[in-house]
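Chains as they are written, first to last, in the UniProt record's numbering: chain A, 1 to 386; chain B, 1 to 386; chain C, 1 to 386; chain D, 1 to 386.
Number of protein chains: 4
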Amino acid sequence: MIAAAPSSTHLPIRLGMVGGGSGAFIGAVHRIAARLDDEFRLVAGALSSTPEKARASAEALGLARSYDDFAAMARGEARRKDGIEAVAIVTPNHMHAGPAIEFLKRGIHVICDKPLTATMAEAKKLAKAAEQSKALFILTHNYTGYPMVRQARAMVEAGELGRLRLVQVEYVQEWLTEAAERFGSKQAEWRTDPARSGAGGATGDIGTHAYNLACFVSGLTPEALAADLSSFVPGRALDDNAHVLLRFPAGARGMLWASQVAPGNENGLRLRIYGDKGGIEWAQEDPNRLWFTPFGEPKRLITRNGAGAGPEAARVSRIPPGHPEGYLEAFANIYAEAARAIRAHRSGEAPPAGTLYPTLADGLAGMRFVAACVQSSKRNAAWVAL
Amino acid sequence: MIAAAPSSTHLPIRLGMVGGGSGAFIGAVHRIAARLDDEFRLVAGALSSTPEKARASAEALGLARSYDDFAAMARGEARRKDGIEAVAIVTPNHMHAGPAIEFLKRGIHVICDKPLTATMAEAKKLAKAAEQSKALFILTHNYTGYPMVRQARAMVEAGELGRLRLVQVEYVQEWLTEAAERFGSKQAEWRTDPARSGAGGATGDIGTHAYNLACFVSGLTPEALAADLSSFVPGRALDDNAHVLLRFPAGARGMLWASQVAPGNENGLRLRIYGDKGGIEWAQEDPNRLWFTPFGEPKRLITRNGAGAGPEAARVSRIPPGHPEGYLEAFANIYAEAARAIRAHRSGEAPPAGTLYPTLADGLAGMRFVAACVQSSKRNAAWVAL
Amino acid sequence: MIAAAPSSTHLPIRLGMVGGGSGAFIGAVHRIAARLDDEFRLVAGALSSTPEKARASAEALGLARSYDDFAAMARGEARRKDGIEAVAIVTPNHMHAGPAIEFLKRGIHVICDKPLTATMAEAKKLAKAAEQSKALFILTHNYTGYPMVRQARAMVEAGELGRLRLVQVEYVQEWLTEAAERFGSKQAEWRTDPARSGAGGATGDIGTHAYNLACFVSGLTPEALAADLSSFVPGRALDDNAHVLLRFPAGARGMLWASQVAPGNENGLRLRIYGDKGGIEWAQEDPNRLWFTPFGEPKRLITRNGAGAGPEAARVSRIPPGHPEGYLEAFANIYAEAARAIRAHRSGEAPPAGTLYPTLADGLAGMRFVAACVQSSKRNAAWVAL
Amino acid sequence: MIAAAPSSTHLPIRLGMVGGGSGAFIGAVHRIAARLDDEFRLVAGALSSTPEKARASAEALGLARSYDDFAAMARGEARRKDGIEAVAIVTPNHMHAGPAIEFLKRGIHVICDKPLTATMAEAKKLAKAAEQSKALFILTHNYTGYPMVRQARAMVEAGELGRLRLVQVEYVQEWLTEAAERFGSKQAEWRTDPARSGAGGATGDIGTHAYNLACFVSGLTPEALAADLSSFVPGRALDDNAHVLLRFPAGARGMLWASQVAPGNENGLRLRIYGDKGGIEWAQEDPNRLWFTPFGEPKRLITRNGAGAGPEAARVSRIPPGHPEGYLEAFANIYAEAARAIRAHRSGEAPPAGTLYPTLADGLAGMRFVAACVQSSKRNAAWVAL
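Structural data, given as structure tokens:
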């Protein structure tokens with residue numbers, strides 16, 4: 001036997017987590033994503049606002065260190081030589097800014113769930129903190145991690161669609177068709193609560209994903225939108241359906257539909273983009289396939305790692321074509337990008353070419369999107385600049 | 001051998017045609033549709049505005065009588081004992097009202113292509129003529145003839161979706177992605193010409209179909225819309241893309257997208273309707289299948305004449321499940337409905353229960369839709385009442 | 001008005017029908033197919049073995065002449081100046097040969113339903129009669145009429161798949177999952193009755209279609225097969241499921257599966273062919289689309305009349321891409337081919353290039369297929385030469 | 001901060017690996033699968049037959065201990081208090097038996113790639129060793145780990161399909177369409193080499209997966225098969241295509257098709273099972289959806305964790321419906337099952353109810369399948385008992 005001294009470049013990055021105690025959906029997703037490529041090791045956590053629950057969750061997960069709250073964790077970890085290098089923040093929206101600022105202040109990289117914050121005021125504070133920190137801020141708009149989303153973006157960028165005209169995006173769910181928030185669903189409770197979610201319901205929860213995806217792939221940012229928001233379920237304080245018209249620079253136009261009350265739809269995030277030379281179509285529920293439809297030629301189906309797929313997709317893919325990768329792999333790709341950036345940051349370098357993770361700018365854009373939707377809808381779907 | 005004296009109930013109805021000379025697409029469709037169920041026999045025509053072409057076309061089709069223009073035909077046929085009982089009008093939009101009024105005046109039933117007319121003024125005149133005539137007026141919004149569209153309508157009506165909340169409809173094409181109207185396409189020429197098409201481009205040509213289908217299946221008529229129309233191809237006088245928000249009575253909302261510049265889409269007419277109990281989804285390019293998604297139950301796929309399909313679909317269907325029926329059969333269903341109504345009309349009866357063909361009211365609604373889209377778009381997508 | 005003397009080239013061909021009285025499924029299909037392109041006019045019939053039923057059916061259909069039996073009809077029509085030029089035979093299998101021979105003898109073209117006959121002995125007699133007649137014999141293996149089937153055949157022929165290796169074909173139904181023949185289904189009764197159907201059950205009814213399609217598209221005829229037939233429903237005299245291995249010349253191999261006891265399958269006729277350069281895939285329930293998968297390139301979806309579709313498909317297609325054509329149109333294409341051939345025959349010419357209708361040779365091949373399946377299965381799936 | 005002493009039940013299991021050095025596909029898959037649920041930690045390896053490569057790979061992966069060969073590793077780890085508890089064997093087929101026996105002998109659990117071995121003789125030796133060992137033997141027939149495969153199995157077991165009649169399974173690939181083994185593909189080299197793969201080519205590599213899946217879901221084991229194997233690529237020593245007929249007890253029948261020369265197919269593993277009450281259909285490339293087609297009712301689509309999916313699927317699933325899980329998650333499910341069994345084994349208990357991982361018996365069944373295919377094919381597709 002020979003000791004295989006692990007090369008320092010492959011030592012997992014020490015990770016902490018705020019939120020994500022037992023029962024939380026997205027915390028578990030972040031942990032799997034962090035672990036999948038062996039780039040992070042979760043060692044510390046403030047997993048719950050209830051200290052006992054935090055401790056029990058930490059023990060169940062085998063964490064080395066558990067804290068009663070994020071502030072204690074930020075202080076404690078910053079002091080240690082083997083303290084965490086990055087922290088994942090997976091709390092409800094209103095609890096993003098506080099911890100994020102605390103860790104950024106101490107130079108600890110932040111990987112934060114979306115949307116950025118619950119309010120624009122918090123978002124601005126967070127932005128300031130991020131600017132003043134040397135640490136990185138990564139927002140988990142995870143759908144941009146899908147290989148065929150990267151492929152689509154690369155194709156648009158390379159001009160294969162020609163000049164863009166249309167961006168049609170939708171994110172459609174069914175889970176809030178009834179008043180789940182009144183029947184004991186914790187997930188539904190905070191997501192329909194303005195105090196915890198912010199001003200946007202479906203808009204904030206999934207509309208921001210759709211918006212981010214559309215911008216990511218098209219390379220365009222809308223100049224203005226007109227939104228018609230609805231709360232179909234009686235007594236619901238936030239929108240559960242959003243109909244949005246989009247206007248992009250140079251005349252491109254789009255539609256965005258976000259709904260949580262469309263029975264039969266699970267996570268129907270779907271993007272279609274058309275230019276004067278061709279179109280693409282991608283759906284999250286069938287993520288390994290991308291339609292490319294050059295005008296006047298047969299439709300082409302490009303599969304992950306299959307013929308026609310380029311290096312941008314291969315870079316964030318692990319297995320051969322025909323073996324489906326899914327949501328967790330795409331989420332892990334954001335973590336892998338974060339790891340690349342963090343490793344580069346250690347040595348004062350820029351992240352390797354092609355590193356694409358959602359940033360604070362994406363988070364702010366999402367906040368502006370939600371605010372504009374709410375404002376437009378209040379003004380009877382008048383146009384609001386972005 | 002025994003002469004099989006055809007029972008008078010099954011003597012084909014004598015049909016004339018205005019427009020539809022050689023080379024016209026929709027004329028040939030009407031002829032097949034009229035013939036498919038042996039309910040009509042085409043005997044006379046004014047098939048072209050050019051007399052020689054009219055005559056040559058009539059000869060090629062084996063018509064008994066050819067006329068130089070529709071006025072001569074109306075006069076001539078009205079005079080004959082064996083004159084036509086019905087006429088199909090398949091000219092460009094600006095040539096609908098004239099002939100329609102002429103035949104209605106003489107008590108000859110009119111089967112007219114959509115949209116109703118090119119202008120609202122013509123539409124009103126036509127409406128008046130129809131009111132004053134005893135003859136029937138049938139508008140070929142052919143997509144309502146698909147069996148699974150009938151099935152969907154019946155399910156909505158029966159309350160299987162609960163109270164409706166969302167109506168999402170789109171009709172997406174690619175054929176005007178480039179300036180086909182400048183490269184010799186007759187179809188593209190008149191459809192992009194305001195003098196012949198009217199105020200709506202994509203709006204009139206396919207938007208009216210989408211609008212009609214949404215109303216037909218949902219049983220709802222929007223109260224207001226907000227539209228953002230575009231003409232993406234330089235120099236094009238009419239819209240080639242329409243983004244429309246819809247508001248229905250009782251709080252239901254919707255989106256309508258009509259486009260002729262989306263590469264990869266051939267005739268992507270797709271309807272999705274959601275209520276508080278379930279949803280349906282149907283697509284014209286896969287017309288024999290209907291998704292029904294009751295909330296909280298497995299998704300169900302209902303096939304034409306398959307398990308779960310009801311009498312409303314069976315009534316307009318000819319062959320067993322798994323043997324696809326298509327566009328021509330759906331079109332023929334409108335003709336078959338027309339035939340039922342005409343036969344009933346002969347004996348002074350109401351059409352049999354379940355007869356559903358698009359009427360003048362549908363045509364007027366379509367005209368209002370186009371006008372409202374144009375008006376709203378000029379006012380920067382402000383809401384316009386319908 | 002000017003009389004439009006129909007050019008003789010477009011006078012519909014006078015057609016008679018044997019079988020197809022009221023209630024029969026396939027008779028109605030043949031009538032629509034004959035009528036769809038206005039190439040035939042049905043004028044005479046011996047529509048049922050019961051004279052009253054025959055007469056009533058003829059009257060309901062508006063036929064000029066009704067006969068009590070096919071022999072009387074053959075004699076009677078042959079004598080008339082305006083007698084039928086062609087006859088459609090749409091009886092159960094055991095009633096194909098008799099009428100076919102009778103009409104062929106008198107120089108009347110025969111359009112006959114498949115399979116050719118119920119027994120090989122009949123098939124041989126019919127073959128002899130056909131040889132001795134100047135009249136044409138057309139077998140309605142209707143699936144070869146689909147435009148994308150023509151497209152597939154043309155691509156194979158042009159070498160786009162390279163040298164063929166694999167031919168996988170299946171025709172899967174569900175309708176005989178239970179003993180429908182004992183519960184009043186006329187269709188099920190004769191199709192499961194050896195006296196009327198012949199030696200093959202699923203094999204004859206749908207296996208012959210699958211076999212014919214595979215041969216038509218691949219251009220190959222198997223040298224040998226090994227078949228394992230089953231009758232899953234207790235008491236059923238004929239096979240309701242067939243598992244068949246195929247060996248083609250030059251080393252290509254295949255599998256054929258025909259089943260009528262597979263719940264969830266309506267008319268699942270599906271063909272996949274692979275060569276050393278690429279593959280194709282087509283399914284009857286989605287007939288307007290053809291997959292073409294050149295090795296090492298993105299998969300391509302070719303649509304009827306869309307980009308990439310060639311003249312062989314366009315020739316048998318009526319409407320633009322995205323407007324689905326279906327089963328009846330494909331069936332009508334066989335009739336249209338028959339009409340072309342009959343018109344050419346009139347003037348002593350060969351049918352126009354590209355005319356492809358199934359012939360007596362196809363019928364005999366189907367009979368050999370059924371016989372070989374039955375023989376192989378009795379010998380425990382031993383190889384039987386074809 | 002409070003130390004969160006990890007509960008012993010959640011300490012990851014110490015894992016070693018034989019094979020899987022840099023560049024190997026399946027080794028990386030096993031590592032991700034082992035890591036995904038945090039149930040295993042890879043600490044030792046004999047990752048390559050070349051010591052330097054082994055060391056470099058171990059270092060790159062951050063392994064604590066690297067060995068030059070599996071024998072040294074077995075001895076070394078058995079001696080340590082903190083030695084590995086389980087080993088993953090991810091070498092080519094001919095290198096399964098040797099290491100497996102070595103570790104089993106020392107009471108170390110074995111997680112072994114499929115097929116079991118290269119030869120039946122080795123398989124028998126391995127079986128003996130497994131019988132004599134207290135350690136567990138887990139075979140990674142990973143496709144049985146998909147949630148909807150579990151769902152399908154549960155539905156069959158619950159009788160929802162009635163009495164089974166038909167089992168149709170196929171695993172179709174394209175990657176060996178050309179002679180990849182002569183153009184530098186390591187994967188292709190050993191998989192087409194009898195010395196390393198054994199007697200089966202496509203049969204062993206993917207046919208065993210298809211066979212295992214069919215048996216797993218149907219609960220049936222064939223009594224006999226008839227196989228027609230081909231080597232389409234000139235010079236290839238092993239089969240690259242297998243056509244197989246299956247006979248199950250009590251009269252059920254099936255077909256199995258395994259191919260590596262079908263362009264357009266990536267990993268087309270597809271299973272269809274039909275009984276006298278209904279059918280199911282599942283495809284690996286779209287793994288989160290399962291069709292259930294009860295005879296006489298609308299087709300139902302059951303989604304992972306969606307309505308209609310039961311506890312057997314939920315048990316091996318991590319995220320909500322509509323967020324696709326894929327190949328790695330299914331593979332990880334086999335590891336998670338292994339972990340459950342290993343933890344239970346520690347305390348002398350049986351694995352928790354519902355634990356389903358492929359065992360030695362599955363491996364032996366796979367070996368018999370390959371042997372029977374080869375034997376049958378040599379005898380011209382004669383039936384061979386299993």
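Glycine is no exception: its CB is placed at the ideal position from the N, C-alpha and C atoms.
In this text the structure is predicted, and so the values were computed from the model without any measurement.
Asked, Found
"Residues that D:G366 contacts on chain C, provided the C-beta gap is smaller than 8 Å", "Result: empty, since nearest Cβ-Cβ is about 21 Å, beyond 8 Å."
"Nearest-angstrom Cβ-Cβ length linking B:K105 and B:A86, presumed shorter than 8 Å", "Their Cβ separation, rounded to whole angstroms, is 14 Å, which puts B:K105 and B:A86 out of contact at 8 Å."
"Pair within 9 Å by beta-carbon distance, B:D205 and B:R191", "yes"
"Residue nearest to B:R368 in terms of C-alpha spacing, selected from B:N380, B:G207, B:V217", "B:G207"
"Check: B:H209 C-beta below 8 Å from any heavy atom of the ligand NAP", "This structure lacks the ligand NAP; in fact it carries no ligand of any kind."
"CB contact below 9 Å: B:T208 versus chain A", "no"
"Per-residue burial, residue 392 of chain D [other beta carbons within 10 Å of its own, 16 or more giving buried]", "Because chain D is modelled from 1 through 386, residue 392 of chain D falls outside the range shown and cannot be assessed."
"For A:Q168, the nearest candidate out of A:E312, A:H243, A:D239, A:R304 (CA to CA)", "A:H243"
"C-beta neighbour in chain B for D:I302, strict 9 Å", "yes"
"Contact list for the segment 286–312 of chain B against chain D, Cβ threshold 8 Å", "F292, G296, E297, P298, K299, R300, L301, I302, T303, G306, A307, G308"
"Stretch pair the segment 29–46 of chain D + the segment 333–347 of chain D: three plus CB contacts closer than 8 Å", "yes"
"Same chain only: Cβ atoms within 7 Å of D:A304, ignoring 5 sequence neighbours per side", "Here the sequence assigns Arg to residue 304 of chain D, which means Ala is not the residue at that position. Here the set comprises P147, M148, N288, A313, S317, P321, E325."
"C:A262 at chain D interface by Cβ criterion, 9 Å", "yes"
"At least three beta-carbon pairs within less than 8 Å, the segment 215–226 of chain B to the segment 236–255 of chain B", "yes"
"Boundaries (first-last residue) of the beta strand (DSSP E) holding C:A250", "Element bounds for C:A250: n/a, residue is neither H nor E."
"Unbroken beta strand (DSSP E) run spanning C:Y67, endpoints", "Taken as a continuous stretch (DSSP letters only), C:Y67 belongs to no beta strand (DSSP E), as it is neither H nor E."
"Option nearest B:L269 by Cα separation, candidates B:L245, B:G278, B:T359, B:Y211", "B:Y211"
"Whole-angstrom distance between A:F103 and D:I26, CA atom to CA atom", "39 Å"
"Endpoints, the alpha helix (DSSP H) within which D:Q375 is located", "360–378"
"When B:P298, B:H141, B:R272, B:A382 are compared against B:H209, the one with the closest alpha-carbon", "B:H141"
"Boundaries of the alpha helix (DSSP H) in which B:V156 is found, first to last residue", "147–157"
"Any C-beta of chain A under 9 Å from that of D:Q284", "yes"
"Selection of the segment 243–254 of chain D by Cβ proximity to chain C, strictly under 7 Å", "H243, L245, R253"
"Interface flag, A:Y327 vs chain D, CB-CB below 9 Å", "yes"
"Assigned exposure category for A:Q132 - 16 Cβ within 10 Å defines buried", "exposed"
"CB-CB length for D:R300 against B:R300, believed under 8 Å", "6 Å"
"CB-CB length for D:S377 against D:W383, believed under 8 Å", "D:S377 to D:W383, Cβ: 12 Å. No contact."
"Proximal chain A residues relative to D:I334, where beta-carbon distance stays under 8 Å", "Within chain A, no residue comes near D:I334; the closest Cβ sits about 14 Å away, beyond 8 Å."
"Cβ neighbour criterion (16 or more within 10 Å) applied to A:E349", "exposed"
"Limits of the unbroken alpha helix (DSSP H) element including A:A130", "120–132"
"Burial state of C:D82, where buried means 16 or more other Cβ atoms lie within 10 Å", "exposed"
"Chain D contact residues for C:T177, given Cβ-Cβ distances below 7 Å", "D276, F295"
"Residue-level contact to chain A via CB, D:G19, 9 Å cutoff", "no"
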